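Colleague: Counting in the working numbering, the sequence shown runs from 12 upward without gaps. All residues carry an ideal CB built from backbone N, CA and C; glycine is no exception. Since this is a predicted model, take the numbers as computed values, not measurements. Quick one: this structure, given as structure tokens, is what I'll be asking you about.
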Amino acid sequence: MNPIELGLFVSRLEAICGEMGATLRRAAFSPNIKDRLDFSCAIFTADGDLCAQAAHIPVHLGSMAYAMRDVVQRLTWQDGDMVVVNDPYLGGTHLPDVTLIAPVFVAGELTAFCANRAHHADIGCASPGSMPLARSLDEEGLVLEPRHYLRAGRADAATRRVLEQGLRNPAATLGDFAAQVSANRTGVARLVALVERSSPRDFRAALDALDAYAETLARGMVRELPDGVYRHADAMDGDGLGATQVPIALTLTIAGERVMLDFTGTGAQVAGNINCPLAVTAAAAYYVFYALMPRATPPCAGSLRVLDLVVPRGCLLNAEAPAAVAAGNVETSQRVVDVVLGALAQAVPARIPAASQGTMNNVAMGGPGWDYYETLAGGTGAHADGDGLSAVHSHMTNTLNTPVEVLEMSYPLRVTRYALRKDSGGSGVHRGGDGLVREYAFLAPATVTLLGERRELAPPGLAGGAPGQPGRNRLNDEWLPGKCERHVHAGDRLRIETPGGGGWGRA
Numbered sequence: 012m013n014p015i016e017l018g019l020f021v022s023r024l025e026a027i028c029g030e031m032g033a034t035l036r037r038a039a040f041s042p043n044i045k046d047r048l049d050f051s052c053a054i055f056t057a058d059g060d061l062c063a064q065a066a067h068i069p070v071h072l073g074s075m076a077y078a079m080r081d082v083v084q085r086l087t088w089q090d091g092d093m094v095v096v097n098d099p100y101l102g103g104t105h106l107p108d109v110t111l112i113a114p115v116f117v118a119g120e121l122t123a124f125c126a127n128r129a130h131h132a133d134i135g136c137a138s139p140g141s142m143p144l145a146r147s148l149d150e151e152g153l154v155l156e157p158r159h160y161l162r163a164g165r166a167d168a169a170t171r172r173v174l175e176q177g178l179r180n181p182a183a184t185l186g187d188f189a190a191q192v193s194a195n196r197t198g199v200a201r202l203v204a205l206v207e208r209s210s211p212r213d214f215r216a217a218l219d220a221l222d223a224y225a226e227t228l229a230r231g232m233v234r235e236l237p238d239g240v241y242r243h244a245d246a247m248d249g250d251g252l253g254a255t256q257v258p259i260a261l262t263l264t265i266a267g268e269r270v271m272l273d274f275t276g277t278g279a280q281v282a283g284n285i286n287c288p289l290a291v292t293a294a295a296a297y298y299v300f301y302a303l304m305p306r307a308t309p310p311c312a313g314s315l316r317v318l319d320l321v322v323p324r325g326c327l328l329n330a331e332a333p334a335a336v337a338a339g340n341v342e343t344s345q346r347v348v349d350v351v352l353g354a355l356a357q358a359v360p361a362r363i364p365a366a367s368q369g370t371m372n373n374v375a376m377g378g379p380g381w382d383y384y385e386t387l388a389g390g391t392g393a394h395a396d397g398d399g400l401s402a403v404h405s406h407m408t409n410t411l412n413t414p415v416e417v418l419e420m421s422y423p424l425r426v427t428r429y430a431l432r433k434d435s436g437g438s439g440v441h442r443g444g445d446g447l448v449r450e451y452a453f454l455a456p457a458t459v460t461l462l463g464e465r466r467e468l469a470p471p472g473l474a475g476g477a478p479g480q481p482g483r484n485r486l487n488d489e490w491l492p493g494k495c496e497r498h499v500h501a502g503d504r505l506r507i508e509t510p511g512g513g514g515w516g517r518a
């Protein structure tokens, strides 16, 4: 393919992913999907290799890229099938992230897959919001190994029964499942039309050219990094069940056109749910290096071929079943990013920012008939060219806030304060971005679970910059730990103050 043809091909694939996302958003019922945009859409080859994705959630997309090949090879596919999976040890991330996979057949030949992953506030967990303080995977909700949701276009009765019996509020969640089905059907229809413009053979040749081009750009990026061995370590605040200061260690080796990330020295998996399945760790590593690549680099399997991972089995970043993992996906993934960036700062200090807030500030809550979940923004790290950003989602999340009007219309809640947390960013030549303050007033009794990080260990600055302020949680007059569960009454108020980003350069 010549460069113009290749550029058009990439744009067409990405446009299909974007239309899948638009369909999912418009058809969804829950604010978590239609307002916060906590979903992702992608296209994979017939072998399960990533070939295109929309600019959605990094932790979703990187983990799908890592694990999809194993998932699609487990099953026999026919036209009209759709498979559902959320098992973190069989291709998922954590149980609320449910993936639907649809095969694409052209002229009777399996040609590709369309997939989307969306976060559901109800996945059958006893704790409202399905983000509990758990000790095992089964405590976190309904575990779905790869199984048919549709067979040849018709609903699979056994899977439907499992969902109806296992969910807290099945009508709402199944409505969002229907939106995911619609998104995949949109992707399949558009992809069939694209392939039929030429042939499956030409489509495969175009994918080969796409991967080769992306790999060339990725190798060029690595060549620009100075060869060497760089080490960095950080720690998680704790797991909420007794473990504290859980270390994450990295030895980063850059040699020629390849990068080795060796996480030997990371602490063992813990009782609480900050453990990571390997796919999530891979997603965090992929995200950092993809951010260093030229803007024109297609997000596909070829762009990932320059990276090698070593992650010991049974450690925090490669946990073994049935370890709980709900917070590993949202919290530990953020710390992996901090550690990888910390190592790269030794190699290319002018290109790497200070640490961002390092948490998604997970707030899960609910009562009879309702489940709600959201993540909260914070400050990003300053960098050599300027200050960090205030009150934005960063790194492994790419979601939005839930608008106050939507939240108050949908749930027995009021938001009594929503503002910048002034001066929470670290000082320096360039200041870290500020976090935010969000305060909820409850209009009915509820159960609340908080899963947050950077409450004990502040986001560090870089090049002599000061750290950002750690986050804080408060229920009425009680200061809360970063990870906890509380039962609240009508009239109670929950206040979350999110961390600021680290400063850059000694002031």
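Pull up the CB-CB distance for Pro-456 and Gly-482, whole angstroms please, since I reckon it's below 8 Å.
Modeller: Contact between Pro-456 and Gly-482 fails: their C-beta atoms lie close to 26 Å from each other, not under 8 Å.
Colleague: Using DSSP bridges, identify the partner residues of Arg-128.
Modeller: Ser-51 and Thr-110
Colleague: Rounded to whole angstroms, what is the Cα-Cα separation between Arg-37 and Met-31?
Modeller: Approximately 10 Å between the Cα atoms of the pair.
Colleague: Does the region 56-69 come close enough to the region 405-414 to have 3 or more Cβ pairs within less than 8 Å?
Modeller: With the cut-off at 8 Å, the region 56-69 and the region 405-414 touch.
Colleague: Within 10 angstroms of the Cβ of Ser-367, are there 16 or more other Cβ atoms? Answer buried if so, exposed if not.
Modeller: buried
Colleague: Under three-state DSSP, which class holds Thr-277?
Modeller: Coil.
Colleague: Decide if Leu-355 is buried, meaning its Cβ has at least 16 other Cβ atoms within 10 Å, or exposed.
Modeller: Leu-355 should be labelled buried.
Colleague: So the candidates are Arg-201, Ala-338, Thr-170 and His-71; which of them puts its Cα closest to the Cα of Ser-147?
Modeller: Nearest of Arg-201, Ala-338, Thr-170 and His-71 to Ser-147, Cα basis: Ala-338.
Colleague: Count the other CB atoms within 10 Å of the CB of Arg-428; is the residue buried (16 or more) or exposed (fewer)?
Modeller: exposed
Colleague: Is the CB-CB distance between Gly-399 and Gly-390 below 7 Å?
Modeller: yes
Colleague: Determine the direct distance from the alpha carbon of Ala-200 to that of Asp-434, and round the result to whole angstroms.
Modeller: The alpha-carbon atoms of Asp-434 and Ala-200 are separated by roughly 50 Å.
Colleague: Pick out whichever of Leu-185, Asn-97, Cys-311 and Leu-473 has its Cα sitting closest to the Cα of Thr-56.
Modeller: The shortest C-alpha separation from Thr-56 is found at Cys-311.
Colleague: Find out if the Cβ-Cβ distance for the pair Val-299, Val-240 is shorter than 7 Å.
Modeller: no
Colleague: Tell me whether Ile-27 sits in a helix, a strand or coil according to DSSP, three-state version.
Modeller: Ile-27: helix per DSSP, three-state reduction.
Colleague: What residue does the alpha helix (DSSP H) around Arg-158 start on, and which one ends it?
Modeller: Element bounds for Arg-158: not the alpha helix (DSSP H) but the beta strand (DSSP E), 158-162.
Colleague: Which residues does DSSP list as the beta-bridge partners of Lys-494?
Modeller: Leu-462
Colleague: Which partner residues does Asp-319 have in the DSSP bridge list?
Modeller: Met-271
Colleague: For my contact list, Thr-11 and His-71 are in at a C-beta cut-off of 8 Å; report their separation, rounded to the angstrom.
Modeller: No answer is possible for residue 11: the residues shown for the chain start at 12 and end at 518.
Colleague: Closest to Tyr-100 by C-alpha separation, out of Glu-385, Val-115, Asp-149 and Pro-288, would be which residue?
Modeller: When each option's Cα is compared against that of Tyr-100, the closest is Pro-288.
Colleague: Looking at the structure shown, is Tyr-527 part of a helix, part of a strand, or coil, going by DSSP?
Modeller: The requested residue 527 is not part of the displayed model; the chain covers only 12 to 518.
Colleague: According to DSSP, which residues form a beta bridge with Trp-88?
Modeller: In the DSSP output, where bridge partners are listed per residue, Trp-88 has none listed.
Colleague: Mind checking whether Tyr-77 and Ala-290 have CB atoms under 7 Å apart?
Modeller: yes
Colleague: Answer with buried or exposed for Gly-478, where buried requires no fewer than 16 other C-beta atoms within 10 angstroms of its C-beta.
Modeller: Inspection of the sequence shows that residue 478 is occupied by Pro rather than by Gly. The residue is buried, with at least 16 neighbouring Cβ atoms inside 10 Å.
Colleague: Which runs of the beta strand (DSSP E) at least 3 residues long sit entirely within the region 328-356? Give them in chain order.
Modeller: none
Colleague: Run through DSSP, which three-state label would Asp-222 get?
Modeller: helix
Colleague: Hey, out of Trp-88, Gly-276, Asp-219 and Gly-198, whose CA is closest to Ala-246's CA?
Modeller: Gly-276
Colleague: For the candidate residues Asn-43, Thr-460, Asn-373 and Gly-140, whose alpha-carbon lies nearest to that of Arg-179?
Modeller: Gly-140
Colleague: Span of the alpha helix (DSSP H) holding Arg-172?
Modeller: Annotation for Arg-172: the continuous alpha helix (DSSP H) segment containing it runs 168-177.
Colleague: Just to confirm, are Arg-47 and Thr-308 a CB contact at a threshold of 7 Å?
Modeller: no
Colleague: Out of Val-173, Asp-149, Met-376 and Glu-150, state which residue places its alpha-carbon closest to the alpha-carbon of Tyr-160.
Modeller: Comparing alpha-carbon positions, the option among Val-173, Asp-149, Met-376 and Glu-150 lying closest to Tyr-160 turns out to be Val-173.
Colleague: Are three or more beta carbon pairs between the region 487-500 and the region 250-266 nearer than 8 Å?
Modeller: yes
Colleague: Taking the CB atoms as reference points, tell me whether Met-232 and Leu-303 lie closer together than 7 Å.
Modeller: yes
Colleague: When you compare only the Cα positions, how much space is there between Ala-332 and Arg-208?
Modeller: Rounded to whole angstroms, Ala-332 to Arg-208 spans 45 Å at the Cα level.
Colleague: Suppose you measure from the CA of Gly-73 to the CA of Tyr-297; what does that come to, to the nearest Å?
Modeller: 6 Å
Colleague: Tell me the DSSP bridge mates of Arg-428?
Modeller: Glu-450
Colleague: Compare the C-alpha of Arg-23 against each of Val-203, Ala-129, Pro-181 and Leu-185 and name the closest.
Modeller: Val-203
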